[in-house]
Amino acid sequence: MSRTEEFVRFKPVVVVVGPTAVGKSRVAVRLAKRLQTEVLAADSRQVYRGMDIGTDKPTLEERDGVPHRLIDLVDPDETFNAGIYRRTALPEIDRLHREGRLPLVVGGTGLYVRTLIRGLCEGPEADPTFRAELEEEARRKGAEVLHRELTRVDPKSAARLHPHDQVKIIRALEVYHLLGRPLSSIHQRHGFGELPFSPLLIGLMRERKALYRRIEERVDSQLARGLVDEVRGLLARGYDRRLGSMKGLGYRQIAAYLAGDCDYTEAVRLLKRDTRRFAKRQLTWFRKEPGILWLSLAEDEPVEQLTNKVLAMIEGFLAGLGREAQANKQSGRMAAAGVTAG
RNA sequence: GCCGAGGUAGCUCAGUUGGCAGAGCACAGCCCUGAAAAGGCUGGUGUCGACAGUUCGAUUCUGUCCCUCGGCA
């Protein structure tokens, strides 16, 4: 069987995850070069054009000739979400398989990774008008009314969601509004049980202290590279602070400073703090994601050494591909697809 | 050396007319199915500077000592 036939048949996908600033991008470029493939980003912020420094998008030089896909997909005032990501990513993965290349997904957006390897339920597209109406209603009558409304139409979702979690309450109401069926029933049917690929999940990790130090260093570097000017430019082009894209790390805090909400020092402090908290949330998410093989990086781990480690894992994974795919078919939907949890 | 102010959570501090100490920040744990770098939830045992005394009981009152910061020498 040729490599292309094998890839098309077993659909292997290598996924590298980990918290922000752990060092994913650097190793990704080297892996892609050695595998003669491309980098598929799983990053909800790098999809925005013109948001480069704040999202720590690799520069052309850093990409070193390796094509990076799934970045620069939309302008900052366009909607983007997990569903759009998945629909855009699947054809790229398919294309690489047909070219006999191993898809290499790299990113820190846990939900986006999950929509690739375990699917996404058949929910309706977001409805901005309806959302705006609900937000207005909550503003007028208080936040609790939405949760009460959800208790009426979808008690299961209401019980699961805290009354303060307006974002998710609105999504649940939106699903009922558009479909006439509760979100909970759609979730129940789906259960993240799809297994469209044979994934190899590799998680990169560092000691908490070392990770936090790297985060601070990266924020300093982003500021030195002109983060403030980038944010100023986006605002000048009319991208409002209230846009979802402008609520991301870096943009939110610097826009607050530029608007005079706080001084520069405070903005930097908050940006570092919020990035630390974000990394912590990512770790919580990935820790419970089944099937991740974790690699703990040493403080001074050379990138080449890490690349070799990961390549060795990939070789083993590819060698067992037919067998693993067979086993998965037999053990059905519950299988964690090709790897055991670490 | 003398005079004053203070030593309480990782930090900044509040407080107890004597009854097993509390806020902000920091931090930690968690949830998540088309907003996910978003959004939400939970978590406070700390020799109340040390030792002795008074008291049923002291972080609180008394004494001595140690340390920090001012001022005067």
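Counting from 1268, one number per residue, gives the positions in the first sequence under my numbering. Positions of the beta carbon are idealized from the N, C-alpha and C atoms, including for glycine.
Determine the closest residue to residue i out of the options, with distance taken between C-alpha atoms.
i     : options                    : result
S1465 : G1409, V1372, K1539        : V1372
V1412 : P1430, R1398, S1424        : P1430
V1296 : R1336, E1272, L1450, R1406 : R1336
I1521 : M1318, S1452, E1273, R1456 : M1318
C1388 : H1457, E1273, R1448, L1401 : H1457
E1329 : N1348, R1543, V1294, Y1443 : V1294
E1556 : R1381, E1345, G1409        : R1381
S1563 : E1402, G1350, A1410, E1474 : E1474
N1348 : M1268, S1512, V1275        : S1512
Please list, in chain order, all residues of the same chain as residue i whose beta carbon is under 7 Å from its beta carbon, the five residues on each side excluded.
i     : result
L1302 : L1369, L1371
G1493 : I1320
V1333 : V1296, A1299, K1300, E1305, V1306
P1286 : G1375, L1478, A1546, Q1549, L1550
G1609 : Confidence is the limiting factor: at G1609 the pLDDT is only 34, short of 50, which leaves the residue's position unreliable, though a coordinate-based value still follows. Around G1609: I1559, L1560, W1561.
F1397 : E1441, H1444
E1566 : A1477
G1599 : With a pLDDT of only 43 at G1599, under the threshold of 50, the placement of this residue in the model should not be trusted, and no figure is reported.
G1350 : L1387, E1392
Cutting at 6 Å between CB atoms, please list the residues of its own chain near residue i, excluding the five before and the five after it.
i     : result
Q1489 : I1320
R1312 : T1322, G1515
L1363 : P1370
A1439 : L1417, D1421, S1424, L1450
R1590 : none
D1310 : G1374, T1376
Output the distance between the C-alpha atoms of residue i and residue j, rounded to the nearest integer angstrom.
i     : j     : result
V1606 : P1391 : Residue confidence for V1606 is low, a pLDDT of 38 falling below 50, so the modelled location carries little weight and cannot support an answer.
H1454 : E1359 : 26 Å
A1602 : R1536 : Here A1602 scores only 39 on pLDDT, less than 50, and its place in the model should not be relied on; the value that follows carries that caveat. Each residue's Cα considered, the two are about 43 Å apart.
T1271 : L1471 : 29 Å
V1570 : M1580 : 15 Å
R1354 : A1491 : 36 Å
P1325 : D1339 : 12 Å
W1552 : R1544 : 13 Å
L1588 : T1532 : 52 Å
G1409 : K1576 : 54 Å
P1395 : E1403 : 12 Å
Here's a check: name, in chain order, each residue in its chain whose Cβ is nearer than 8 Å to the Cβ of residue i, leaving out the five neighbours to either side.
i     : result
K1539 : I1482, E1483, V1486
L1525 : V1495, V1498, R1499, L1502
K1291 : V1283, V1284, G1285, V1373, G1374, G1375, L1471
A1534 : Q1520, I1521, A1523, Y1524
Is the Cβ-Cβ distance between residue i and residue j less than 9 Å?
i     : j     : result
L1446 : I1436 : no
G1386 : G1505 : no
P1343 : L1510 : yes
Y1315 : Y1352 : no
Q1433 : A1393 : no
I1384 : P1463 : yes
T1542 : A1288 : yes
F1277 : G1367 : no
Secondary structure, alpha helix (DSSP H): runs of 4+ residues fully inside the stretch 1316-1378: Runs of the alpha helix (DSSP H) lying entirely within the stretch 1316-1378, each at least 4 residues long, are 1327-1330, 1349-1365 in chain order.
Uninterrupted alpha helix (DSSP H) stretches inside the stretch 1425-1466 (no shorter than 4 residues): Every alpha helix (DSSP H) stretch that sits fully inside the stretch 1425-1466 and reaches 4 residues is listed by chain position as 1433-1446, 1450-1457.
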